[in-house]
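Visitor: Take a look at this one; I'll ask things after.
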Amino acid sequence: MPKRQKRKRGLLVILSGPSGVGKSTIVKRLLKTNPRLKLSVSCTTRPRRPGEKHGKDYFFVSKDEFSSKVENGEFLEWAEVHSQYYGTPKKFIDEALQNKKTVLLEVDVQGAAAIKEALRPSYLKGSAVFIFLIPPSVDILAFRLKRRKTESMELLNYRLRAAIAELQVMEKYDYIVVNDKLENAAKKIMAIINVEKERVLLN
Ligand code: 5GP
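End of the sequence shown sits at 204 in the working numbering; the numbers just go up one at a time, nothing left out.
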C-alpha cells in the first residue's frame with residue numbers, strides 16, 4: 002500500500018458570487034454548523050450596515066487606514082468593489098495555512114483571481130478551492146437585492162448589472178453551486194470542502 006500523503010497546509014475556501022446571491026447568509030450558516038471552519042475577516046472602507054459588527058463581519062476602516070495597510074503589504078489581495086475598498090489580511094491567512102486550518106474567504110472575482118496568482122508557487126498548490134455561488138435565476142437575484150433594502154435604487158441597479166457581468170467569469174472557478182435553498186447549498190459546499198481536504202498533494 003502506498004503511504005497516504007498527509008495535508009501539510011490548511012485549505013482556503015474561496016467563495017464568490019454576485020451581490021445578493023446570499024454569500025453572507027451561507028457563510029454564517031457554514032460557520033454555525035461547522036465550528037472548526039474559520040472565517041477570514043476582511044477590511045473594508047464601506048459604511049457598516051445595520052447589524053454588522055466590527056471585527057466579526059468586517060474590520061471597518063477609513064480610506065487612509067486602508068491605504069497605509071496597502072503600503073505596509075498587510076493584504077494578501079485587495080480590490081476596489083462598487084467604489085469601496087476591500088482587502089484580505091495576509092497574516093491571518095499565512096498563519097491559518099501553516100496551522101492546517103480550513104478558512105472561508107468571501108471575496109469578489111478580482112480577489113479570487115489575485116489569490117489564485119498568489120498561490121502559484123508549487124509548495125502552495127492545492128491550498129485553495131474556488132467556489133462560485135449562483136442564484137437560481139437573475140429574477141430571484143433582483144428580488145433578493147431589493148428585499149435587502151440596504152441600497153438606493155441607483156446603487157441597486159448598478160449592483161445588478163455588476164452581478165450579471167460577474168456571472169460571466171464563473172467558469173474560472175473549480176465549482177459552481179446554485180443557491181436554491183440555503184440548507185442545500187451549505188451542504189453542497191461542505192461536501193466540496195470535505196472532498197478537497199482529502200485531495201492528494203504531492204508537495
Ligand atoms: P459587500 O459590500 O456586499 O459586503 O461586499 C461587496 C463585494 O466585496 C462582495 O462581492 C464581496 O465578496 C467582496 N469582498 C468582501 N471582502 C473582500 C475582500 O477582502 N477582497 C475582495 N477582493 N473582495 C471582497
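Quick reminder that beta carbons are idealized off the backbone N, C-alpha and C, glycines included.
Quick caveat, the model's predicted, so the values are computed rather than measured.
Does the region 137 to 146 come close enough to the region 37 to 57 to have 3 or more Cβ pairs within less than 8 Å?
Guide: The answer is no - the region 37 to 57 does not touch the region 137 to 146, with fewer than three Cβ pairs under 8 Å.
Visitor: Could you tell me whether the region 127 to 138 touches the region 31 to 39, using the rule of 3 or more Cβ pairs below 8 Å?
Guide: Segments in contact, no.
Visitor: Can you give me the Cβ contacts of A193 inside the same chain, cut-off strictly under 7 Å, excluding the 5 residues immediately before and after it?
Guide: Contrary to the premise, residue 193 reads as Ile rather than Ala in this sequence. Correct list, in chain order: V130, I132, Y176.
Visitor: Does the beta-carbon of K117, which I'm using as the reference point, lie nearer than 7 Å to any heavy atom of the ligand 5GP?
Guide: Outside the cutoff, so no.
Visitor: Compute the beta-carbon to beta-carbon distance between E75 and K64, rounded to the nearest angstrom, for a pair I have assumed lies under 8 Å.
Guide: Actually they are not in contact, since the Cβ atoms of E75 and K64 sit about 15 Å apart, beyond 8 Å.
Visitor: So which of A80, T103, R162, K101 has the shortest CA-CA distance to A115?
Guide: Taking only the C-alpha atoms, the option nearest A115 is A80.
Visitor: To test your reading of the DSSP string, which unbroken alpha helix (DSSP H) runs of 4 or more residues are found completely within the region 35 to 76?
Guide: Those alpha helix (DSSP H) runs which fall completely within the region 35 to 76 and span 4+ residues are 64 to 72.
Visitor: When you measure from the CB of S17 to every non-hydrogen atom of the ligand 5GP, does any distance come out below 7 Å?
Guide: Checking every heavy atom of the ligand 5GP against the Cβ of S17, one is found closer than 7 Å.
Visitor: Just to confirm the assignment, what range does the alpha helix (DSSP H) spanning G88 have?
Guide: Note, G88: premise wrong, no alpha helix (DSSP H); beta strand (DSSP E) at 85 to 90.
Visitor: When DSSP labels each residue in this structure, what does E78 get in the three-state scheme?
Guide: The answer is strand: DSSP assigns E78 an E or B state.
Visitor: Output needed for R200: all residues of its chain with C-beta closer than 7 Å, excluding positions within five of it in sequence on either side, in chain order.
Guide: Once the five neighbours on either side are set aside, the close Cβ partners of R200 are G127.
Visitor: Anyone know if the C-beta pair for A113 and V104 falls short of 8 Å?
Guide: No, these two residues do not count as a Cβ contact at 8 Å.
Visitor: On the criterion of 16 or more Cβ atoms from any shown chain inside 10 Å, does P122 qualify as buried, or is it exposed?
Guide: Exposed.
Visitor: Return the residue from the list I135, V178, I15, Q99 that minimises the CA-CA distance to Y78.
Guide: In the sequence under discussion, the amino acid at residue 78 is Glu, which differs from the Tyr named in the question. Comparing Cα-Cα distances from E78 to each of I135, V178, I15, Q99, the minimum goes to I15.
Visitor: Taking Q99 as the reference, which of L156, L106, K9 has the closest Cα?
Guide: Considering only alpha carbons, the answer is K9.
Visitor: Taking DSSP as the reference, what is the three-state secondary structure of L120?
Guide: DSSP places L120 in coil when its eight states are reduced to three.
Visitor: Compare the Cα-Cα distances from P137 to each of G18, G11, L13, L12 and report the closest residue.
Guide: Residue G18 is the option with its Cα nearest to P137.
Visitor: Within 10 angstroms of its Cβ, does R149 collect 16 or more other Cβ (buried), or is it exposed?
Guide: Counting Cβ neighbours within 10 Å, R149 comes out exposed, since fewer than 16 surround it.
Visitor: One question on the structure: do A163 and H83 come within less than 8 Å of each other, judged by their Cβ atoms?
Guide: For A163 and H83, yes; Cβs fall inside 8 Å.
Visitor: How big is the Cα-Cα spacing for K102 and K24?
Guide: Distance between the alpha carbons of K102 and K24: 21 Å.
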